[in-house]
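What follows is a set of notes on a single structure, which appears directly below.
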Amino acid sequence: SIREVTGYVLVALNQFDYLPLENLRIIRGTKLYEGRYSLAIFLNYRRDGYFGLRQLGLKNLT
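Sequence positions in the sequence shown follow this note's numbering and run 195 to 256.
Pasting the structure below:
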């Protein structure tokens with residue numbers, strides 16, 4: 195149900211394969227991760243060595 199983020203979105207250190215953010219429409223980036231990124235995605239893999247995050251549901255992001 196998240197539609198707008200004023201700062202940044204950080205997706206890190208997770209073990210799921212899908213992140214449903216279909217309602218997210220805008221990331222304003224008024225505050226940035228590491229001073230550079232409004233959307234940062236890293237280190238999302240499963241402990242068993244198989245793929246982790248494989249798909250983001252960002253269908254409405256503009």
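Every residue gets a Cβ at the ideal spot worked out from N, C-alpha and C, and that includes glycine.
Would residue i and residue j be called neighbours here (beta carbons separated by less than 9 Å)?
| i | j | result |
| --- | --- | --- |
| N217 | G246 | no |
| L215 | I235 | no |
| R267 | E198 | As displayed, the chain neither begins before 195 nor continues past 256, which places residue 267 out of reach and without an answer. |
| L204 | Y227 | yes |
How many angstroms separate the CA atom of residue i from the CA atom of residue j?
| i | j | result |
| --- | --- | --- |
| S232 | Y244 | 27 Å |
| I220 | Y239 | 26 Å |
Leaving out five residues on either side along the sequence, give the residues of the same chain with a beta carbon under 6 Å from the beta carbon of residue i.
| i | result |
| --- | --- |
| L237 | A206, L207 |
| K253 | E216 |
| Q249 | Y212 |
Among the options, which has the Cα closest to the Cα of residue i?
| i | options | result |
| --- | --- | --- |
| G251 | Y212, I221, Y202 | Y212 |
| R241 | F210, G201, Y202 | F210 |
Leaving out five residues before and five after residue i in sequence, what residues of the same chain have Cβ atoms less than 7 Å from its Cβ?
| i | result |
| --- | --- |
| T224 | T200, G201 |
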